[in-house]
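To keep things clear, I will list the structure first and then write my remarks on it.
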Amino acid sequence: MQSVDVYELTGKSKFNRFHGLILFWCVLILIIDGYDLAVVGAALPAIMDDMGVDPTSAGIMAGSALFGTMLGAMFLGTLADRIGRPKMIAICVALFSLFTAASGLTSDPVSFSVTRFIAGLGIGGVLPVMTAQMSEFSPAKLRARLVTLVFAGYSVGGILVALTGKQLIESHGWQSVFYMAGLPVLLIPFILKSMPESMTFLLKKNRQQELRTIVQKIEPQLTISQQTVFVGLDATATKQDTPVRNLFREGRGFSTVMIWTAFITGLFMVYALNSWLTKLMAMAGFSLGSALNFVIVFNIGAIVGAVGGGWLSDRLNIKHVLVVFYLIGAVALTVLGFTRSTGLLFLMVFIVGASTLGTQLLAYAYAGDFYPLSIRSTGVGFASGVGRVGAIIAPILIGWLVSLALPLEQNFMAIAVAGVLGAVAVTFVNQTRSDSARVKAATALAN
Numbered sequence: 003m004q005s006v007d008v009y010e011l012t013g014k015s016k017f018n019r020f021h022g023l024i025l026f027w028c029v030l031i032l033i034i035d036g037y038d039l040a041v042v043g044a045a046l047p048a049i050m051d052d053m054g055v056d057p058t059s060a061g062i063m064a065g066s067a068l069f070g071t072m073l074g075a076m077f078l079g080t081l082a083d084r085i086g087r088p089k090m091i092a093i094c095v096a097l098f099s100l101f102t103a104a105s106g107l108t109s110d111p112v113s114f115s116v117t118r119f120i121a122g123l124g125i126g127g128v129l130p131v132m133t134a135q136m137s138e139f140s141p142a143k144l145r146a147r148l149v150t151l152v153f154a155g156y157s158v159g160g161i162l163v164a165l166t167g168k169q170l171i172e173s174h175g176w177q178s179v180f181y182m183a184g185l186p187v188l189l190i191p192f193i194l195k196s197m198p199e200s201m202t203f204l205l206k207k208n209r210q211q212e213l214r215t216i217v218q219k220i221e222p223q224l225t226i227s228q229q230t231v232f233v234g235l236d237a238t239a240t241k242q243d244t245p246v247r248n249l250f251r252e253g254r255g256f257s258t259v260m261i262w263t264a265f266i267t268g269l270f271m272v273y274a275l276n277s278w279l280t281k282l283m284a285m286a287g288f289s290l291g292s293a294l295n296f297v298i299v300f301n302i303g304a305i306v307g308a309v310g311g312g313w314l315s316d317r318l319n320i321k322h323v324l325v326v327f328y329l330i331g332a333v334a335l336t337v338l339g340f341t342r343s344t345g346l347l348f349l350m351v352f353i354v355g356a357s358t359l360g361t362q363l364l365a366y367a368y369a370g371d372f373y374p375l376s377i378r379s380t381g382v383g384f385a386s387g388v389g390r391v392g393a394i395i396a397p398i399l400i401g402w403l404v405s406l407a408l409p410l411e412q413n414f415m416a417i418a419v420a421g422v423l424g425a426v427a428v429t430f431v432n433q434t435r436s437d438s439a440r441v442k443a444a445t446a447l448a449n
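Printed below as a string of structure tokens:
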């Protein structure tokens, strides 16, 4: 009886149309996800004027979605390992599309916050599932690049917000950019039809025929018969009854806490800028259109940082690359606060985007690299979920600092401190406990 290790097969495979289909869906869904999350930052000045709220209250309104993303990432990401990823992706798309659109129908801070919280559940839930999905099906030599390319879609969503915001907010009101977010719900039937199920999930359920279909798409030249049995290396799958506890088993406990800490600091930087960059640039004397241009440059920088970081990570040690990115982010934010030339401001915003949002996108790839396949959605989900503590605190804290009318540079320096803490946290992660190190060691022994 022939047996085929599906993880080993996937790792050695070459990128083909099947991988391209998964990449397409993952990028598209992250573009939509990025739009739905960034839309508040672009519309925040108009929302504040329309609803008559102060900066601190506006920070709480922006943070409501982030509280939802925390719970969504932790619990929906974990649930995906139990009910299957395509179903969970469909649920998340429905949540963030419908309830972001519903936010445009609100007229007071409370109802706005409630709808944003529910949308946040889907926004947060889809991130770890996309990470796990792309990571599981990627060829080993391309894994970091493909995962960071997926998360670059998140920045494309932010750019779309800025572009549509410039056209729509001034002519049709802030509500219009929220209504746009309802359209992706139409994609759900196509997602369910074409997105493959996790191989780990199929192995647990012993659904061999579905595995046979997927394997044939991954490696069309492979000869398999009805007697072929598909297996996996991941011993953690036998303990899947306690997926969260598995994050702390086999020497992963301290490193898990450090990864969570890195996510807290990384997401603090990202959401401080997502929520307040437009307002901070407006405070520096720029018009709404000019301030939104900075948002576009910020997200372009994030794409370059994520893709470039993924390219470096496939060639160098991903942990070392991530540490350097955190430190560059801290330096760039500090310099940004003291920059007055418009041309230099655009350059610094580009570097800040590459080294803050770009760094966080790389951190998702790092977490996906660290945890075994059977708990990858759970591992990335809890890192993302716990990290939302930083995301929730950021808009409120920066909103409070804005209300104090401090010099502009002090706002950016406060954000920069998080970059230093993130670099320290990643430094303390024990890379020998990562799944990629385990696979390399097993391969070396086999040879």
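Heads up: the sequence shown at position 364 corresponds to 366 in my numbering, and the numbers run straight through without jumps. The beta carbon of each residue, even a glycine, is placed where N, CA and C say it ideally should be.
Out of curiosity, what's the CA-to-CA distance linking residue i and residue j?
i, j, result
"residue 134", "residue 223", "26 Å"
"residue 173", "residue 164", "14 Å"
"residue 431", "residue 261", "7 Å"
"residue 269", "residue 77", "18 Å"
"residue 356", "residue 69", "25 Å"
"residue 242", "residue 249", "Per-residue confidence for residue 242 stands at a pLDDT of 47, beneath the threshold of 50, marking its modelled position as unreliable; the derived number appears in the next sentence. Taking the straight line from one Cα to the other gives about 11 Å."
"residue 237", "residue 111", "With a pLDDT of 45 at residue 237, under the threshold of 50, the predicted position of this residue should be treated as unreliable, though the coordinate-derived value follows. Going from the Cα of residue 237 to the Cα of residue 111 covers about 48 Å."
"residue 298", "residue 85", "37 Å"
"residue 195", "residue 104", "27 Å"
"residue 406", "residue 374", "46 Å"
"residue 87", "residue 166", "31 Å"
"residue 26", "residue 350", "31 Å"
"residue 319", "residue 52", "49 Å"
"residue 181", "residue 4", "53 Å"
"residue 204", "residue 82", "13 Å"
"residue 220", "residue 79", "25 Å"
"residue 140", "residue 54", "48 Å"
"residue 41", "residue 171", "11 Å"
"residue 200", "residue 11", "14 Å"
"residue 208", "residue 214", "11 Å"
"residue 22", "residue 433", "30 Å"
Could you tell me if residue i is buried or exposed, where buried requires 16 or more neighbouring beta carbons within 10 angstroms of its beta carbon?
i, result
"residue 362", "buried"
"residue 17", "exposed"
"residue 400", "buried"
"residue 239", "Note on residue 239: pLDDT 48, under 50, position unreliable in the model; the coordinate value appears next. With 16 or more Cβ atoms within 10 Å of its Cβ, residue 239 is classed as buried."
"residue 218", "exposed"
"residue 247", "exposed"
"residue 29", "buried"
"residue 359", "buried"
"residue 57", "buried"
"residue 233", "exposed"
"residue 176", "buried"
"residue 107", "exposed"
"residue 380", "buried"
"residue 344", "exposed"
"residue 378", "buried"
"residue 342", "exposed"
Assuming residue i and residue j form a contact by the criterion Cβ under 8 Å, report the distance between their Cβ atoms to the nearest whole angstrom.
i, j, result
"residue 64", "residue 50", "So it is not a contact: roughly 10 Å between Cβ atoms."
"residue 138", "residue 435", "The Cβ separation is near 19 Å, so there is no contact."
"residue 6", "residue 202", "The pair is not a contact, with the Cβ atoms about 15 Å apart (cut-off 8 Å)."
"residue 102", "residue 38", "5 Å"
"residue 324", "residue 368", "5 Å"
"residue 13", "residue 74", "Actually they do not touch by this definition, with Cβ atoms about 30 Å apart."
"residue 391", "residue 72", "7 Å"
"residue 158", "residue 305", "7 Å"
"residue 120", "residue 31", "Not really, about 18 Å apart at Cβ, beyond 8 Å."
"residue 366", "residue 116", "About 28 Å separates the two Cβ atoms, so there is no contact after all."
"residue 427", "residue 267", "7 Å"
"residue 274", "residue 396", "4 Å"
"residue 136", "residue 24", "6 Å"
"residue 310", "residue 354", "Contact flag wrong, Cβ pair sits at about 15 Å."
"residue 301", "residue 160", "4 Å"
"residue 226", "residue 198", "With a Cβ gap of about 17 Å, residue 226 and residue 198 do not count as contacting."
Say whether chain B places a C-beta atom closer than 8 Å to the C-beta of residue i.
i, result
"residue 403", "This model lacks chain B altogether, as it is built from one protein chain only."
The region 245-257 in contact with the region 314-326 per 3-pair CB rule at 8 Å: These segments do not touch.
Tell me whether the region 325-332 and the region 382-393 touch, counting them as touching only if at least three CB pairs, one residue from each stretch, are closer than 8 Å. With the rule of 3 Cβ pairs closer than 8 Å, the region 325-332 does not count as touching the region 382-393.
Within the region 176-218, note down every full alpha helix (DSSP H) run reaching 4 residues or more, in order along the chain. For secondary structure counted as the alpha helix (DSSP H) over 4 or more consecutive residues, the region 176-218 holds these complete runs in sequence order: 177-181, 190-196, 201-207.
Is it true that the region 182-199 meets the region 89-99, where meeting means three or more beta-carbon pairs spaced less than 8 Å apart? Using a Cβ-Cβ distance cut-off of 8 Å, the region 182-199 and the region 89-99 are in contact, since at least three pairs of beta carbons, one from each stretch, lie closer than that value.
Assess contact between the region 143-155 and the region 40-50, defined as three or more Cβ pairs (one per stretch) separated by less than 8 Å. Is contact present? Fewer than three Cβ pairs drawn from the region 143-155 and the region 40-50 lie within less than 8 Å of each other, which leaves the two stretches out of contact.
Just to confirm the assignment: which complete alpha helix (DSSP H) runs, minimum length 4, are found wholly within the region 357-381? Those alpha helix (DSSP H) runs which fall completely within the region 357-381 and span 4+ residues are 359-372.
For the region 296-341, which segments carrying the alpha helix (DSSP H) assignment without a break, of at least 4 residues, lie completely within its bounds, in sequence order? List check, alpha helix (DSSP H) in window: 320-340.
Stretch-stretch touch, CB-based, cutoff 8 Å, three pairs: the region 335-342 with the region 414-426: Put simply, the region 335-342 touches the region 414-426. At least three CB pairs are less than 8 Å apart.
4-residue-minimum alpha helix (DSSP H) runs that sit fully inside the region 67-117, ordered along the chain: Runs found: 79-85, 87-105.
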